[in-house]
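Engineer: Sequence order for the protein chains is P and F.
If you want my numbering, it's the 1-based position in the first sequence plus 113.
If you want my numbering, it's the 1-based position in the second sequence plus 60.
Think of the CB as a built atom: it goes at the ideal place given N, C-alpha and C, for glycine as much as any other residue.
From a predicted model like this one, the values you see are computed outputs, not experimental measurements.
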Amino acid sequence: MLNKKEMRYVGKSINRFDAYNKLTGIAKYTDDITPPNCWYGLTVRSTIVSGTIEKIIFSDNFDFSNITVVDYKDIPGTNHLKIIHNDQPYLAEKEIKYYGEPILLLAHPDKELLKEANNHIKIIYDEQEPVLSIDESLQKKSLIFQTDNIFEHITIKKGDIDFAFSNAHRIISGEYRTGHQEQAYLEPQAMIAEFRDNKLTIWGSMQCPYYVHNAMKSLFNLDDEHLRIIQTTTGGAFGGKEDFPSLLAGHTALLAYKCGHPVKIVYDRAEDIAFTTKRHPSLVNIKTAITRDGIILGMDIEVLLDGGAYSTLSPVVLSRAVLHAGGTYHCDNIKIDGKVLATNTPPNGAFRGFGAPQVLFAIESCIDKIANTLHISPIEIRLKNLLQQNDTLPTGQNLGLDVACQKVMERALELSNYKNKLQQYKEFNGSHRTKKRGIGMSSYFHGCGFTGSGESLINTEVKLRGNEQGKVEILVANVEMGQGVQTVFRQIVAEVLQISPELIIYDNPNTGIVPDSGPTVASRTTMVVGKVLEETARKFKDYIRALDNYYNDMEFSGLIKQYIQENGTLEVASHYQKPPDLNWDKKNYKGDAYGTYAWACDVAEVEVDLLTGEVKVIKLTAVLEIGQLINPQLAEGQVQGGSMQGIGYAIYENEVMKNGKILNPNFTDYIIPSAMDSPEFVIEFISGHYAYGGYGAKGLGELPMNGSAPAVTNAIQNACGITINQIPVTPERILSLIKPQNHTRRSA
Amino acid sequence: MIIKFILNGTEYIKDVNCTQTLLDFLRNEMRLTGTKKGCEIGECGACTVLLDGKAVNSCLVLIGQINNREVTTIEGIGKDGKLHPIQKAFIESGAVQCGFCTPGMIISLIGLLNENPHPSEDEIKMAIEGNLCRCTGYEQILQAVRMITNKQHETNREIY
Ligand code: FES
Ligand code: FES
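1) Along chain F, which residues have their Cβ under 7 Å away from the Cβ of P/Y619?
2) Are three or more beta carbon pairs between the region 437 to 450 of chain P and the region 549 to 560 of chain P nearer than 8 Å?
3) Any heavy atom of ligand 2 within a distance shorter than 8 Å of the CB on F/Q157?
4) Compare the C-alpha of P/V795 against each of P/A422, P/V752, P/F563 and name the closest.
5) Does any C-beta atom of chain P lie closer than 9 Å to the C-beta of F/C78?
6) Would you mind sorting P/H221 into buried or exposed? The rule is 16 or more other CB atoms within 10 Å of its CB.
7) When every heavy atom of ligand 2 is checked, does at least one fall within less than 8 Å of the C-beta of F/M165?
8) DSSP on P/P491, reduced to helix/strand/coil?
9) At a CB distance below 8 Å, what residues from the region 794 to 818 of chain P approach chain F? Give them in sequence order.
10) Taking 7 Å as the limit between beta carbons, can you name the residues of its chain near P/I799, skipping five residues before and five after?
11) Out of P/F467, P/I571, P/V472, which one is the CA nearest neighbour of P/D450?
12) Classify F/A155 as helix, strand or coil using the three-state DSSP reduction.
13) In chain order, what residues of the same chain lie with their CB nearer than 6 Å to the CB of P/V915, ignoring the 5 residues before and after it?
14) Span of the alpha helix (DSSP H) holding P/G820?
15) Enumerate, from N- to C-terminal direction, the unbroken alpha helix (DSSP H) stretches of 4 or more residues contained entirely within the region 133 to 199 of chain F.
16) With a threshold of 7 Å on Cβ separation, who are the neighbours of P/A277 within its own chain once the five nearest residues in sequence on each side are excluded?
17) Three Cβ pairs or more, each shorter than 8 Å: is that satisfied between the region 335 to 353 of chain P and the region 369 to 381 of chain P?
18) Among P/M329, P/Q690, P/L747, P/T725, which has the Cα closest to the Cα of P/I847?
19) Just the C-alpha distance for P/D337 and P/F308, rounded to the nearest angstrom, thanks.
20) Pick helix, strand or coil for F/D75, following the three-state DSSP scheme.
21) Residues of chain P with CB closer than 7 Å to the CB of F/P163, please, in chain order.
22) Looking at P/A387 and P/G213, is the spacing between their C-beta atoms short of 9 Å?
23) Put P/L115 into one of helix, strand or coil per three-state DSSP.
24) For P/R859, which residues of its own chain have a beta-carbon under 6 Å away from its beta-carbon, when the five flanking residues on both sides are left out?
25) Check the Cβ-Cβ distances between F/M186 and every residue of chain P, and say whether any is below 9 Å.
26) In this structure, does DSSP put P/R859 in helix, strand or coil?
27) Do F/F85 and F/N128 have their CB atoms nearer than 9 Å?
28) Can you look up P/Y710 in the DSSP assignment and give me helix, strand or coil?
29) Reducing DSSP to helix, strand and coil, say where P/S427 ends up.
30) Residues in its own chain within less than 6 Å of P/K534 by CB, not counting five upstream and five downstream?
31) Where does P/V634 land, buried or exposed, given buried means 16+ other C-beta within 10 angstroms?
32) Between P/V157 and P/I263, which are expected to be in contact by the criterion C-beta below 8 Å, what is the C-beta distance as a whole number of angstroms?
33) Using the beta-carbon count (16 or more within 10 Å), is P/Y663 buried or exposed?
34) What do you reckon, is the C-beta of F/N117 under 8 Å from a heavy atom of ligand 1?
35) Using beta-carbon positions only, say whether P/Y762 and P/A822 come within less than 9 Å of one another.
36) Label F/I184 either buried or exposed according to how many other C-beta atoms from any shown protein chain fall within 10 Å of its C-beta, with 16 as the threshold for buried.
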């Protein structure tokens, strides 16, 4: 272990630095800021799902002379959102690919007048037959993307699956579906843009200031010197503010560019739910070859994701999906084939878990199905097949000693008292007619940081600056969005420098000041950026020759001031260093897909009301291995919050899409968990250490989103003996699953 | 329309456009942006304020309805830089993440503690049922309340 001596800040639950301002209403979110002479923006959206724009008519009954109207012809640079395929326009030119696609932008100081103006614009379309599902897209009902509707196709192969299936004792298969899921950050998307002296400044709610920065560069043909992207306090993001803010920033900036005033666009909840990116719906087919002893000899897995109308980040979401599709199981013969397809629905994008929650729901449901079919317990099937030290993943990546799935599972079973509970609930169910209780588990993992060579491409740079007050400024592009990075990064730097975290400054990033340390995504911040920050802090210490720890804060500040006096400035930078022995072959999907994996096991206990179909999650036990904990309290908060989103995913959050339109863009009908739904949480972290993570940390943010859904559905299956192949499993679905069973029982 | 009201302890007489909601009035005219807008239709609780000591969704209150009444927003809680005990407990328990639900959450809890200084677990959950939080999973928020309600009543004295 690197850090034998007792640490002062790392591993301690120190209080959050951003809590005071947020608790007192002082913190300014984007909509809390209104620059002088600010105008408001509105997006005019398509009212058809698929087709072409024939004509746009501005009614004579309305005076448009004071309204700024922007269409695609006003774009100075390229009308393509820079992400991966660059297929999405900021504003539709002719073709419409989804209901609500932006066509025009309007700005005026009076919001109400804007709505009226919108009512006086009529757009005539030529409608086409839309493609609304994965199946229709595969059948190429119409072509939306290139020649086959496929945004990305990835295949992973290991061993010989033909051998496995011809030598199987049993072949057990399942087909699993998951629906859309809404990030439902409490603060809707919001952006402010201003052009002044040919300089564009953007303030907004976002995860990736440099994504927005690069997008604006090509939208306006601007160079770095004429561009500043400033993150404002961000009211939750969960991936929803990874790619989408680039589009919204573009819209806001185009209006500011044309009208000459600062412009603000804040979506209302309905617009936010209906038209921003969401989690990809999925269809996963798993076929397993099982030996007489219950060993998984082979797996043939097909992963299909619905990407929506444009590709956004879908190719990388698919990548993470196929890389997690085999779950935490050892399997010598495996084929995973994944496609993400285009449909005429709002583009899907990043959401905590990023493709992993879909496939882990599928594999964890399938594992329980195998156990059921073989009449062995869910524990036994897992113990027989869980990954062990030196096992390889489907890409051939050798895990070495970095495997903790069995350890976390054993601890979770112990902590939750699984075996006794199972028995207790059996007894409970015997004496209750309409209420049934059950217990279920899930074993899961998450590849930390960017996939494959992603981190090398990003090449994170961080800086530390000593200032005249003798304080240390952290200069990174990673944002606080609620996950606690403002606190965690201070802890890391404080630990290296052996000074109080109060002496460290960490403002919201401004791309005019901070280097590009990459996006705040992929559970990479604490691990990857944290590590670079740790190294930078060591250099910083050397620079000012603070060679031993026998100094207090004041003396340390003195050293900084002295250095500045002698040398003018004090700035220390470093870059990401690729861990040695990390090799990834993207072409063949072979090798080390991630530097490390975080491991976890959930045990869920539920009560199902057979009359209403309602499910109550009584208790959730989660045991996780996430390397070194930097701040246990913050980590627990991440696990509770992420698990709750997974519970929502499993049983509440049902986005109803009909003919390409979302019918429930509000919190009355799209239900996210409330306090009434919160279970008893038991959370434990087991010790771990990742040599290339900040102080040994692995990634955490996404992990808890991956496991609670299948743990809950497996518990529901255990409670009422039904088979769940699809989430969300709403009360209606539960009732319909219970009913036919009752019938057959009666007729039998 | 001319209305008279007390806002965070100060009395106002104002000529207001009576079609606006209390939420918009607070944010736009009074520049009190601590009260958040998360849905505008009474579903999220981010806009919660105290109206005569009771927690209400300010997006559902028309400005005329505050005539001759007393409104308290997050800016009026724990004035003079002194945090309310529930705010302190939020810091201690880690109950703040993105913070967007936090002002509304604090106000709802103060509304609860005003009426019921020793709420049961279910009463706490009920009081914040209308305050959605997407970040925390609620556990650390509930912990914060437990922290102060399990202590002696002294802490509840200073409550509005
Ligand atoms: S803004 Fe009032 S309840 Fe959501
Ligand atoms: S802290 Fe983010 S919504 Fe509650």
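Structural biologist: Checking against the coordinates, here is how it stands:
1) In the first sequence, counting from the first residue as 1, residue 619 of chain P sits at position 506. Here the premise fails: no neighbours, minimum Cβ distance about 16 Å.
2) In short, these stretches touch, since the Cβ pair count reaches three.
3) Counting from 1 along the second sequence, the entry for residue 157 of chain F is found at position 97. Set against 8 Å, the gap from the CB of F/Q157 to the closest heavy atom of ligand 2 is smaller.
4) As a working mapping, residue 795 of chain P is identified with position 682 in the first sequence. Measuring from the Cα of P/V795, the nearest candidate turns out to be P/V752.
5) Position 18 of the second sequence, counting from 1, holds the residue named residue 78 of chain F. With 9 Å as the cut-off, F/C78 does not count as an interface residue toward chain P.
6) Looking up residue 221 of chain P in the first sequence gives position 108. The residue is buried, with at least 16 neighbouring Cβ atoms inside 10 Å.
7) Within the second sequence, the letter at position 105 stands for residue 165 of chain F. Flag set: Cβ of F/M165 near ligand 2.
8) Numbered from its first residue, the first sequence carries residue 491 of chain P at position 378. When secondary structure is reduced to three states using DSSP, P/P491 falls in the helix class.
9) Correct list: F794.
10) For this step, residue 799 of chain P is matched to residue 686 along the first sequence. Within the same chain, P/I799 has close Cβ partners A517, K520, V521, R524, V736, E738.
11) The residue given as residue 450 of chain P occupies position 337 in the first sequence. Of the candidates P/F467, P/I571, P/V472, the one whose C-alpha sits nearest the C-alpha of P/D450 is P/V472.
12) The sequence position of residue 155 of chain F within the second sequence is 95, counting from 1. F/A155: coil per DSSP, three-state reduction.
13) Within the shown structure, residues of chain P are numbered from 114 to 861, placing residue 915 of chain P beyond reach of any answer.
14) Numbered from 1 along the first sequence, position 707 holds the residue referred to as residue 820 of chain P. Per DSSP, P/G820 belongs to the alpha helix (DSSP H) from 816 to 833.
15) Counting whole runs of 4 or more residues, the region 133 to 199 of chain F contains the alpha helix (DSSP H) stretches 145 to 153, 162 to 175, 181 to 187.
16) Start at 1 with the first residue of the first sequence, and residue 277 of chain P comes out as number 164. Non-local beta-carbon contacts of P/A277 in its own chain, meaning distances under 7 Å to residues more than five positions away in sequence, involve A402, L410, G411, N446 in chain order.
17) These segments do not touch.
18) On the first sequence, position 734 is the one that residue 847 of chain P refers to. Nearest Cα to P/I847 within the set P/M329, P/Q690, P/L747, P/T725: P/T725.
19) Taking the first sequence and counting its residues from 1, one reaches residue 337 of chain P at position 224. Taking the first sequence and counting its residues from 1, one reaches residue 308 of chain P at position 195. Cα-Cα distance, rounded: 14 Å.
20) As a working note, residue 75 of chain F is residue 15 in the second sequence. Under the three-state reduction of DSSP, F/D75 is assigned to strand.
21) Locating residue 163 of chain F in the second sequence gives position 103, counting from the first residue. Chain P residues near F/P163: G138.
22) As a first step, residue 213 of chain P must be located in the first sequence, where it is residue number 100. As a first step, residue 387 of chain P must be located in the first sequence, where it is residue number 274. For P/G213 and P/A387, yes; Cβs fall inside 9 Å.
23) By one-based count along the first sequence, residue 115 of chain P stands at place 2. Note that P/L115 scores 46 on pLDDT, short of 50, meaning its location in the model is unreliable and no value can be drawn from it.
24) Numbered from its first residue, the first sequence carries residue 859 of chain P at position 746. Residue placement at P/R859 is flagged as unreliable, the pLDDT there being 42, under the threshold of 50; the coordinate-derived value follows with that caveat. Once the five neighbours on either side are set aside, P/R859 has no close Cβ partner at all.
25) On the second sequence, position 126 is the one that residue 186 of chain F refers to. At least one chain P Cβ lies under 9 Å of F/M186.
26) As a first step, residue 859 of chain P is located in the first sequence; it is residue number 746 there, counting from the start. Since pLDDT at P/R859 reaches only 42, below the 50 mark, its modelled position is unreliable, and no value is offered.
27) Mapped onto the second sequence, residue 85 of chain F falls at position 25. Mapped onto the second sequence, residue 128 of chain F falls at position 68. It is not a contact, given that the beta carbons lie outside the stated cut-off.
28) Your numbering for residue 710 of chain P matches position 597 in the first sequence. P/Y710 sits in a strand when the DSSP states are folded into three classes.
29) Within the first sequence, numbered from 1, the residue matching residue 427 of chain P stands at position 314. The answer is helix: DSSP assigns P/S427 an H, G or I state.
30) Taking the first sequence and counting its residues from 1, one reaches residue 534 of chain P at position 421. So the qualifying residues of the chain are I552.
31) As a position in the first sequence, residue 634 of chain P is number 521, starting the count at 1. So P/V634 ends up on the buried side.
32) Indexing the first sequence from 1 puts residue 157 of chain P at position 44. Indexing the first sequence from 1 puts residue 263 of chain P at position 150. Taking the Cβ atoms as the reference, P/V157 lies roughly 31 Å from P/I263, outside the contact range of under 8 Å.
33) The residue labelled residue 663 of chain P in the question sits at position 550 within the first sequence. By the neighbour-count rule (16 or more Cβ atoms within 10 Å), P/Y663 is not buried but exposed.
34) For this step, residue 117 of chain F is matched to residue 57 along the second sequence. Indeed, a heavy atom of ligand 1 lies less than 8 Å from the Cβ.
35) Within the first sequence, residue 762 of chain P is the residue found at index 649, counting from 1. Within the first sequence, residue 822 of chain P is the residue found at index 709, counting from 1. The criterion of a C-beta distance shorter than 9 Å is satisfied by P/Y762 and P/A822.
36) Position 124 of the second sequence, counting from 1, holds the residue named residue 184 of chain F. A residue is called buried once 16 or more other Cβ atoms fall within 10 Å of its Cβ, and F/I184 is buried on that count.
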